[in-house]
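Residue numbers (our numbering), protein chains in the order written: chain L, 1 to 1154; chain H, 1 to 203.
To start, the structure under review is shown below, and the notes come after it.
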Amino acid sequence: MALKMVKGSIDRMFDKNLQDLVRGIRNHKEDEAKYISQCIDEIKQELKQDNIAVKANAVCKLTYLQMLGYDISWAAFNIIEVMSASKFTFKRIGYLAASQSFHEGTDVIMLTTNQIRKDLSSPSQYDTGVALTGLSCFVTPDLARDLANDIMTLMSHTKPYIRKKAVLIMYKVFLKYPESLRPAFPRLKEKLEDPDPGVQSAAVNVICELARRNPKNYLSLAPLFFKLMTSSTNNWVLIKIIKLFGALTPLEPRLGKKLIEPLTNLIHSTSAMSLLYECVNTVIAVLISLSSGMPNHSASIQLCVQKLRILIEDSDQNLKYLGLLAMSKILKTHPKSVQSHKDLILQCLDDKDESIRLRALDLLYGMVSKKNLMEIVKKLMTHVDKAEGTTYRDELLTKIIDICSQSNYQYITNFEWYISILVELTRLEGTRHGHLIAAQMLDVAIRVKAIRKFAVSQMSALLDSAHLLASSTQRNGICEVLYAAAWICGEFSEHLQEPHHTLEAMLRPKVTTLPGHIQAVYVQNVVKLYANILQQKEQAGEAEGAQAVTQLMVDRLPQFVQSADLEVQERASCILQLVKHIQKLQAKDVPVAEEVSTLFAGELNPVAPKAQKKVPVPEGLDLDAWINEPLSDSESEDERPRAVFHEEEQRRPKHRPSEADEEELARRREARKQEQANNPFYIKSSPSPQKRYQDAPGVEHIPVVQIDLSVPLKVPGLPMSDQYVKLEEERRHRQKLEKDKRRKKRKEKEKKGKRRHSSLPTESDEDIAPAQQVDIVTEEMPENALPSDEDDKDPNDPYRALDIDLDKPLADSEKLPIQKHRNAETSKSPEKDVPVVEKKSKKPKKKEKKHKEKERDKEKKKQKEKKKSPKHKKKKHKKEKEERTKGKKKSKKQPLGSEEAEAAGEPVQNGAAEEEPLPESSYSLLAENSYVKMTCDIRGSLQEDSQVTVAIVLENRSSSILKGMELSVLDSLNARMARPQGSSVHDGVPVPFQLPPGVSNEAQYVFTIQSIVMAQKLKGTLSFIAKNDEGATHEKLDFRLHFSCSSYLTTTPCYSDAFAKLLESGDLSMSSVKVDGIRMSFQNLLAKICFHHHFSVVERVDSCASMYSRSIQGHHVCLLVKKGENSVSVDGKCSDSTLLSNLLEEMKATLAKC
Amino acid sequence: MVGCAKREGRGKRGAWAAPAGVLGGRPRGEPLCLPSGPQRPPLPQLMRFMLLFSRQGKLRLQKWYLATSDKERKKMVRELMQVVLARKPKMCSFLEWRDLKVVYKRYASLYFCCAIEGQDNELITLELIHRYVELLDKYFGSVCELDIIFNFEKAYFILDEFLMGGDVQDTSKKSVLKAIEQADLLQEEDESPRSVLEEMGLA
């Protein structure tokens, strides 16, 4: 033995410690992966050793490797082993590893429940602390449910260190197990007044976080927090509370009014920027929620804006950034007060920091008006030229478009200017936003009728310019605009000055280098253009000219026919045939122009994106009904092939462009028009009335610009938008002069008449008349479209589950489940207000616990209830009544108690197993009566041969104090209870505590077992004195302690190679069982076996798993579990055949319940 | 403040510390330049995660306060490191990333990086980072990157005493350090009774 130890220690000396590992990794820079895999192999060896120090060292190294990105999930078991080490040094490492690597998917996590519970109740506060910290990282819904009660108890721990941590972790528990919120909340609320500032602020933290997510349930706490806010000097607490108020005010406007004053005081007085920033943010939030009725409303806004200006002007980039951020919040509701700081914002555009520039851009979006739009965009355009990175430039580009197009081009007074801006933007190389520009061009050209002529001239210039085509091959982002240009030139070809020139530009060979979808648009619009030219030529009687154009088409179209893009190819070949046909007709001197242009007659109108969705389903139309009943299977089987073949034949001729369908087409078009005219759902071109400008004349009558300027309107070539800015300024100036003149005249008139104070001639937005009569065609919606506001909350919001009314009294069904003992130390804690635990006799299996509130709280509640509606009061009374009747029931049930205890004495491994797939706790019911409930857990330990520890939890469910408890157990030949020295076999062993009403506690007893191959049953009695106001009675409760064979097993991990060796060794006897009718998933099944029978999974392949465990006396038990469709077979091998067959019987009983 | 136990630890580490050349450019002792400013205000916060990484993009510490799968973690770390490392020194410490706000600060060669939620206060998070660096500084005695590399578990322990579940659990530096020190003492007790001979089983 000693030799073995020496050997182990010497081995250890050669193990790497963490520092060696780190150093090694740094020294093996070139072959790091190889070195680490070597290290991992070593670690695996180390983990196989029994020495916990070696294991801890290995786990510590693994934690480091995990950070480097290596998977250590395979070592989860070892981590748990180290977590359960008794020494703090190792425990700490184990918990650290767990908190770093465990997550909800870690399957062994459920094995930690008892270990964590044990650590939580450890006498050392650091054990508890380390467990809480670890738990905060990997808490799962199961853990939260099982441990909620333990943690809640810790909130009243004597040490503030523990209280603080327990309070903080409650937030995580609430998130994972929302049912715990209501029972735990009263105590959490108490902690707001904890004497320790750390605990207090932790409670503020948790409640504020909760309230921020679901503010309406916390409105009743507002006065308490208000008091805290005005009294606290802790900035950190203040920030949390202020943030909370920000969330509460939208629900309670009166609160907002009360808040403004203390908040503005804080803004004036505080020197902490973080607090100032928080206050400003909250004031903004409050003012946003208060629409009116604030007397010093504007003063507060002014104060905020001033303070923010100071932040923005600060040299600290962080403050600048945050200032801009907060400013944008004010902007939404008080644009005027922000707009006066335009200079500052524009300055920020020059900042070195990109994120600040982006913030400033966001602000600019809200600051534009008709008056300053051109100026701002001009400034932005200069930034576009200067910008270095493409991302920022792209951002600028989108911002320019956003700014201009916002709220239906509200701020654009001159669309020519806007088109020229768009055209200028096309010069940006390598932008990703070509499609955005294209979309704008299309949108403007379609919706602003007056601009079409100008747009067409610009677009034809674009089509003509080579730079877009040249760059198209490398970066095809910007060539998207050609899509728009081609379409606009085709659709509005009547406005083209030199259509022939444009046609040629569109038919250039270079075009075929463009992406397919753009070529397709080219082909389509070439025909539109062609139709237009044809008509012009024919009207002018230039037959030759017309033929020349046709010839051009016939010559150039084949290049598209050869395109690899299907769409282009199809369109081109179709059109080529059409043109060839026209050519034939032209040869016969037949006038064709009229008919060709009818192909494209009619106008296209923009349709709102949601229009289709909003078409109401007409009455009597059932969209789910079959139009043709589906064919029955038997029929279709023989007929289908034939039908397909038949159809194909029919379809064939359609594919070929018929040469004679010219007339047919025209006829169809006519018919379609007719149909459209009668169809109420077809969107016609009348703009909706509210958007129609006062006296919108027809398109033809609009002179593009009505001003008599010397500057030619049509700017030759590509225009410079700057010219428009100048133009616009002059125009406005003139307008203003005229107005002033008129005003003066009026004034003079007024002077002559009554004396009235005249308003100063200010130039407001409304004064600026647009340069063109802009007829914005709005997107159309079907008539009787329903307004939709899908404002659904995200159903995946994790905080939604915490939307719980906290003011309602606790219902019986909401008690926290308790499946554990209570820490003896906490129950003895000086605070007298240990929660009273009541047991519901009806559902012993659910093991729920009611948490009565403090007397004080009850009174508060009563007062509150008085204020509430009488209806509520009734409810309360009703509830009380119910409780009373329940009490009666309970007393009736009393005689049954002993029977239940009998029943419970049977080998029920886990009461909860029937209800839940994964068991909550390993404690099983031992016995119960109206006074006390006993649950127990039997654990074997490898360290001490042949000994098992029986942990018995005693729960007082009566209103009496239980004292003088004694446990007497009748020893058998095989099993003996370890008694204190000097006591005889027949003496009872005292239970080392008393139980006040509702409290539970755990006592542990050690039993020595000689032979573990058979299950054991020991009879025992618990005797105690129950004392209440009426006196004391002597009571007793019989129980039967059942030592199953499984309870002698200890969970021991095993590696597959060792496992295989074990099986090969051949000195194991074999046995097997099979259980039918199992529906549970294999995963859960394995989990059950692991949990109830203390096995660990060695390897799992599909629905087959090998498992291992070891008895306290060193028997190896190997299992092979196979899952069939509805059955499970378990083959076992064990060094003791009796033990194996007993184990398998127990396992069969467990599985039969699945 | 820093107990003798830790001094010992440092001494040990000193013994095996590799020469500066192997460890990259920075001389070993260079502290993470901590300005000793006035007393800062205390801090609240709920944080999603905290990362420490070097200028070379090597992760030094990671703490996740919201359970995240390994794959997702790696992806986020990689992305975020790229974004942060690409930022120029004069830029502000905040950036919007995915649906989160990232607050970062560089101390010498180490980036401290926190992800917070939309409504949270950036300035206080910055304070929080600073406070953590101060704690490290106090504990290790003018901390440098190597301290964190070689004693990464200590760095975690300090962080765990300072923040829990993404929330500040103690605003007082003193009490955090006290807790750490006492836990360390507990650890020493565990270890100290065993002499080398005892460990070898020869006693």
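All C-beta atoms, glycine included, are put in the ideal place defined by N, C-alpha and C.
| Where the stretch 307–322 of chain L meets chain H: residues whose CB sits under 9 Å from a CB there | For the stretch 307–322 of chain L, residues whose beta-carbon sits nearer than 9 Å to a beta-carbon of chain H comprise D316, Q317, N318, L319, K320, Y321, L322.
| Inside the stretch 1018–1076 of chain L only - beta strand (DSSP E) runs reaching at least 3 residues | 1031–1043, 1069–1075
| task | Using DSSP bridges, identify the partner residues of K933/L. | result | E928/L, E955/L
| Taking just the CA atoms, how far does F138/L sit from M1147/L? | 31 Å
| Using the beta-carbon count (16 or more within 10 Å), is W236/L buried or exposed? | buried
| field | C-alpha distance - S99/L paired with A75/L, whole-angstrom precision | value | 13 Å
| field | Among P980/L, V985/L, V377/L, S984/L, the one whose alpha carbon lies nearest that of V991/L | value | P980/L is the residue among P980/L, V985/L, V377/L, S984/L whose C-alpha sits nearest the C-alpha of V991/L.
| task | Would you kindly report the start and end of the unbroken beta strand (DSSP E) that includes V1006/L? | result | 1000–1009
| query | Any idea if G541/L is buried or exposed, counting beta-carbon neighbours within 10 angstroms, 16 or more meaning buried? | reply | exposed
| said: Just to confirm, is the Cβ distance from V456/L to F415/L under 8 Å? | reply: no
| said: Just to confirm before moving on: does the CB-CB distance between I1089/L and F1043/L stay below 8 Å? | reply: no
| said: Please report the straight-line C-alpha distance between K537/L and E594/L, rounded to a whole angstrom. | reply: 11 Å
| Among L147/L, F102/L, D107/L, T133/L, which has the Cα closest to the Cα of T113/L? | L147/L
| From which residue to which residue does the beta strand (DSSP E) around R393/L run? | Looking at the DSSP string, R393/L is not in any beta strand (DSSP E); the run it does join, the alpha helix (DSSP H), is 390–409.
| message | I need the DSSP call for G905/L, collapsed to helix, strand or coil. | response | Confidence at G905/L is low in this model, with a pLDDT of 40, below 50, so the placement of that residue should be treated as unreliable; the coordinate-derived value is given next. Helix, per DSSP.
| message | Give me, in chain order, the residues of the same chain whose beta-carbon lies closer than 8 Å to that of K212/L; leave out the 5 immediate sequence neighbours on both sides. | response | For clarity, residue 212/L is Arg in the given sequence; the question names Lys instead. Excluding residues within five positions, the ones whose Cβ falls inside 8 Å are K243, L244, A247.
| query | Would you call the CB atoms of W55/H and L100/H closer than 8 Å? | reply | Per the sequence shown, residue 55/H should be read as Arg rather than Trp. No. Outside cutoff.
| Going straight from the alpha carbon of I488/L to that of M374/L, what length do you get? | 25 Å
| request: Check the Cβ-Cβ distances between S180/L and every residue of chain H, and say whether any is below 8 Å. | output: No, no contact with chain H.
| field | Between the CA atoms of L503/L and L529/L - distance to the nearest angstrom | value | 7 Å
| request: In the DSSP assignment, find the unbroken beta strand (DSSP E) run with M977/L in it and report its ends. | output: 975–977
| said: For the structure I just gave you, are there three or more beta carbon pairs, one from the stretch 587–605 of chain L and one from the stretch 616–625 of chain L, closer than 8 Å? | reply: Contact between the stretch 587–605 of chain L and the stretch 616–625 of chain L is absent, because fewer than three Cβ pairs lie under 8 Å.
| query | Is the CB of M76/H under 8 Å away from at least one CB in chain L? | reply | no
| request: Consider the Cβ of I93/L: report whether some Cβ of chain H lies at a distance smaller than 8 Å. | output: yes
| field | Interface positions of the stretch 51–68 of chain L facing chain H (Cβ-Cβ less than 8 Å), listed along the chain | value | Across the stretch 51–68 of chain L, CB contacts with chain H closer than 8 Å involve C60, T63, Y64, M67, L68, in sequence order along the chain.
| query | Is the CB of E127/H under 8 Å away from at least one CB in chain L? | reply | yes
| How many angstroms separate the CA atom of V423/L from the CA atom of R309/L? | 36 Å
| query | In or out: R254/L buried (at least 16 other Cβ within 10 Å) or exposed? | reply | exposed
| message | Tell me which residues share the same chain as E882/L and place their Cβ nearer than 7 Å to its Cβ, disregarding the 5 neighbours each side in the sequence. | response | Because E882/L carries a pLDDT of 48, less than 50, the predicted location of this residue cannot be relied on, and no value is offered for it.
| said: Quick check on DSSP: helix, strand or coil for T270/L? | reply: coil
| Using a Cβ-Cβ cut-off of 7 Å (strictly less than) and excluding sequence neighbours within five positions of E189/H, which residues of its own chain qualify? | none
| query | Is it buried or exposed for K138/H, if we count other Cβ within 10 angstroms and need 16 for buried? | reply | Buried.
| request: Report the neighbours of M164/H on chain L: residues whose CB is nearer than 8 Å to its CB, in chain order. | output: L132, T133, S136, K165, L168, I169
| said: Quick check: is the beta carbon of C114/H nearer than 8 Å to any beta carbon in chain L? | reply: no
| Which full runs of the beta strand (DSSP E) of 3+ residues lie inside the stretch 424–484 of chain L, going along the chain? | none
| Nearest-angstrom Cα distance between L802/L and D987/L? | 52 Å
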